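Trainee: In terms of our numbering, the sequence shown opens at residue 1 and continues consecutively. We put the beta carbon where it would ideally sit given N, CA and C, even for glycine. Fair warning: this is a prediction, and the values are worked out from it, not measured in the lab. Submitted below is the structure of interest, expressed as structure tokens.
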Amino acid sequence: MNIKNKIKSISMVLIVFFILGGINLYRYNINVKAEETKKEINAALTLVKKKANSLYSDENDDLLSETITKEKLKEAETSLKIAFALKLNDVQQKSLDTQSKKIAAAKQLFFIQSSIHNKFKDEKISSDDVEFSKEEKELAFFKNTHPLFFKEYNGIIEKSKEQLAVKQTLLLFFEDYTNLSVKETISRSEYDHFIEKLTLLSSEPFKASLTIACTAIEKELNKKEAKEKEEKEKERKETELKQISETKSKETKEETSKSEATPSTPITNESAQEKAPSQSSPAEKQLVPPQQTGIAGILARSSTSNYTNQIVGVVANGSSSTVYLFEKSGEQWQTILSMPGRVGYNGVGSSYEGSGRTPKGAYSLGFAFGTGPNPGTNLAYRQITGNSYWISNPDDSQYNTWQERTSSSRLDEHLSDYQTQYKYGITLNYNNGVNGGSAFFIHVDGNGATAGCISVSESNMLYLMQHIRNGAYIINVNHESELANY
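Structure representation (structure tokens):
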């Protein structure tokens, strides 16, 4: 019995041992599997996070990476699917949801970005009829969540719209844009206004893309203006000849009238002696200046010519002009220099702040200025510094004056920003009250029409700087005959 009990006891012990061993082995296998699952989940979540982060260029997930592609988006979505298939706890699920939103946002942003880039390539619009209504609508959803992305691509859309507006304006100058057939009715002022808008754009590639079209317009305008100038010159000569003919006819009639009125009595020595004092000697006749003709003769009839011996005459044709330098020698006015120039994009006329017109009339010339040292002018000279501003803000008490300031209103003209135009300049003593217009100068030519100044080539401007004296005046008109009115 004892042996049987012992065997039974041993059997029970062995059974318990095997049961406990099995339980422990089961527990071990479960722990191993759990550890492997944990590692698998962590690896999957890490991969998702890595793939999601690779889609963005910054820590705030605001801008897309420069290397983002459709393939990378697909890889990120695949890693996301694998992670979602795993059994996750609440914390892991929340982390995965965050990465899922990042990937979904990146996908939407990528399609918006790609769509805009297809329509705006190499800093210019890809066609003349692109529109961005769909992109604008989709982009609006990311204004608050991705402000940097919104700002960048909304800026591109705005640039595109500006380019579209300029291109549409350009097309109005052509009968047939494809063949560059320019309309005969275009005007220089309209074209100069277009150039002003084009100049304001920042995209050089876009500007370059319009060069051929602009050249065609310039050529047509030059041809048109040359013809008009020829016709005006012909008309002027005909008028001049007519005036000379009328003057001679009048003088002939007066002489005939005097001859008929003189009694035919013999002239005695006594009567001759009595009349002698009333006759003018040759010396006395020379004191009366001969009548001047041409543009110098017109200028000689102006009231301004009576109190100065140097006048700059500006005769405008739209935003183009002919600029003259006249000087008085003795009693005669002479044309010293004649040169092409530009005036305001709205021509010459009544001027006020922002009118785009060069002020019509006669004005004394003020001081000279420039970006470098005095080039040899006889006028008072001021050199431009980084703090030089011409005040154009009507609300400023220093309106229409040169001021040295560390900063100023955006309405004021920061003179050092115009290194080409203001290499040489002379001020006009123009004052039409607050908001009446400001910063009117003669300066070096820039690109096209001005905002109201008179511009000439650099070499001609240097000549004016070195030859204009104190007391000189400028007369701005639209026709030569108007020079006599001021």
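Could you give the DSSP three-state label for residue 341: helix, strand or coil?
Mentor: For the purposes of this step, residue 341 is taken as residue 341 along the sequence shown, with counting starting at 1. DSSP places residue 341 in strand when its eight states are reduced to three.
Trainee: What residue does the alpha helix (DSSP H) around residue 135 start on, and which one ends it?
Mentor: In the sequence shown, the residue the question calls residue 135 occupies position 135. From DSSP, the alpha helix (DSSP H) with residue 135 extends over 133 to 140.
Trainee: Is it buried or exposed, residue 346, if we count other Cβ atoms within 10 angstroms and call 16 or more buried?
Mentor: For this step, residue 346 is matched to residue 346 along the sequence shown. Under this definition residue 346 is a buried residue.
Trainee: In the DSSP assignment, find the unbroken alpha helix (DSSP H) run with residue 448 in it and report its ends.
Mentor: Here the question's residue 448 lines up with position 448 in the sequence shown. Careful: residue 448 lies outside any alpha helix (DSSP H) and carries neither H nor E.
Trainee: Are the CB atoms of residue 160 and residue 182 within a distance shorter than 8 Å?
Mentor: For this step, residue 182 is matched to residue 182 along the sequence shown. For this step, residue 160 is matched to residue 160 along the sequence shown. No, the pair does not count as a contact, with Cβ atoms beyond the cut-off.
Trainee: Name the DSSP beta bridge partners of residue 313, please?
Mentor: Here residue 313 is taken as the residue at index 313 of the sequence shown, counted from 1. Beta-bridge pairing links residue 313 to 324 and 475.
Trainee: Three-state secondary structure (DSSP) at residue 287?
Mentor: Position 287 of the sequence shown holds residue 287. Residue confidence is low: residue 287 scores 40 on pLDDT, short of 50, so the model does not pin down where it sits. Its coordinate-derived value is still stated next. Residue 287 falls in the coil class under three-state DSSP.
Trainee: Kindly list the residues whose CB is nearer than 6 Å to the CB of residue 197, restricted to its own chain and excluding five residues on each side of it in sequence; keep chain order.
Mentor: By one-based count along the sequence shown, residue 197 stands at place 197. Contacts found: 166.
Trainee: In three-state DSSP terms, what is residue 398?
Mentor: For the purposes of this step, residue 398 is taken as the residue at position 398 of the sequence shown. Note: residue 398 maps to coil in three-state DSSP.
Trainee: How many angstroms separate the CA atom of residue 223 from the CA atom of residue 188?
Mentor: What you label residue 223 is simply residue 223 of the sequence shown in a count that begins at 1. What you label residue 188 is simply residue 188 of the sequence shown in a count that begins at 1. Roughly 12 Å between the two C-alpha positions.
Trainee: Please determine if the region 428 to 444 and the region 383 to 400 are in contact, where contact requires at least 3 C-beta pairs separated by less than 8 Å.
Mentor: Counting Cβ pairs under 8 Å, three or more are found: they touch.
Trainee: Applying the criterion that 16 or more other CB atoms from any shown protein chain within 10 Å of the CB defines a buried residue, is residue 6 buried or exposed?
Mentor: As a first step, residue 6 must be located in the sequence shown, where it is residue number 6. Exposed.
Trainee: Given 8 Å as the limit, is there contact between the region 373 to 384 and the region 331 to 345, that is, 3 or more CB pairs closer than that?
Mentor: The answer is no - the region 331 to 345 does not touch the region 373 to 384, with fewer than three Cβ pairs under 8 Å.
Trainee: From what residue to what residue does the alpha helix (DSSP H) around residue 163 run?
Mentor: Taking the sequence shown and counting its residues from 1, the one referred to as residue 163 is at position 163. From DSSP, the alpha helix (DSSP H) with residue 163 extends over 147 to 171.
Trainee: In terms of alpha-carbon separation, which member of 439, 480 and 406 lies closest to residue 413?
Mentor: As a position in the sequence shown, residue 413 is number 413, starting the count at 1. Closest option to residue 413, Cα to Cα, is 439.
Trainee: Report yes or no: do the region 167 to 176 and the region 190 to 209 share at least 3 C-beta pairs separated by less than 8 Å?
Mentor: They touch, by the three-pair rule.
Trainee: Tell me whether residue 87 is buried or exposed, calling it buried when 16 or more other Cβ atoms sit within 10 Å of its Cβ.
Mentor: Locating residue 87 in the sequence shown gives position 87, counting from the first residue. The residue in question, residue 87, is exposed, as its Cβ has fewer than 16 Cβ neighbours within 10 Å.
Trainee: Please classify residue 300 as buried or exposed, where buried requires at least 16 other C-beta atoms within 10 Å of its C-beta.
Mentor: Within the sequence shown, numbered from 1, the residue matching residue 300 stands at position 300. Buried, because 16 or more other Cβ atoms sit within 10 Å of the Cβ of residue 300.
Trainee: Quick check on residue 412: does DSSP put it in helix, strand or coil?
Mentor: Numbered from 1 along the sequence shown, position 412 holds the residue referred to as residue 412. Correct three-state label for residue 412: coil.
Trainee: At which residues does the beta strand (DSSP E) containing residue 444 begin and terminate?
Mentor: Locating residue 444 in the sequence shown gives position 444, counting from the first residue. Element bounds for residue 444: 441 to 444.
Trainee: Does the distance from the CB of residue 338 to the CB of residue 429 come in under 8 Å?
Mentor: The sequence position of residue 338 within the sequence shown is 338, counting from 1. The sequence position of residue 429 within the sequence shown is 429, counting from 1. No.
Trainee: Within the continuous beta strand (DSSP E) that includes residue 292, where are the two ends?
Mentor: Here residue 292 corresponds to residue number 292 of the sequence shown, with the count starting at 1. Element bounds for residue 292: n/a, residue is neither H nor E.
Trainee: Excluding sequence positions up to five away, which residues of its chain have a Cβ less than 7 Å from the Cβ of residue 136?
Mentor: In the sequence shown, the residue the question calls residue 136 occupies position 136. Correct list, in chain order: 157.
Trainee: Mind checking which residues open and close the beta strand (DSSP E) that includes residue 382?
Mentor: Start at 1 with the first residue of the sequence shown, and residue 382 comes out as number 382. That run of the beta strand (DSSP E) goes 381 to 383.
Trainee: First and last residue of the alpha helix (DSSP H) that includes residue 175?
Mentor: Residue numbering aside, residue 175 sits at position 175 when the sequence shown is read from its first letter. No alpha helix (DSSP H) contains residue 175, which is instead part of the beta strand (DSSP E) from 174 to 176.
Trainee: Which of helix, strand or coil does DSSP assign to residue 466?
Mentor: Along the sequence shown, one-based indexing puts residue 466 at 466. Helix at residue 466.
Trainee: Helix, strand or coil: which one does DSSP assign to residue 7?
Mentor: Locating residue 7 in the sequence shown gives position 7, where the first residue counts as 1. In the structure shown, residue 7 sits in a helix (DSSP, three-state: H, G or I).
Trainee: Pull the bridge partners of residue 371 from the DSSP assignment, please.
Mentor: If you number the sequence shown from 1, residue 371 lands on position 371. Answer by DSSP bridge pairing: none, since residue 371 is not bridged.
Trainee: Spatial neighbours of residue 485 within its chain, please: CB distance less than 8 Å, with the 5 preceding and 5 following residues excluded, ordered by chain position.
Mentor: Locating residue 485 in the sequence shown gives position 485, where the first residue counts as 1. Result list for residue 485: 302 and 477, in chain order.
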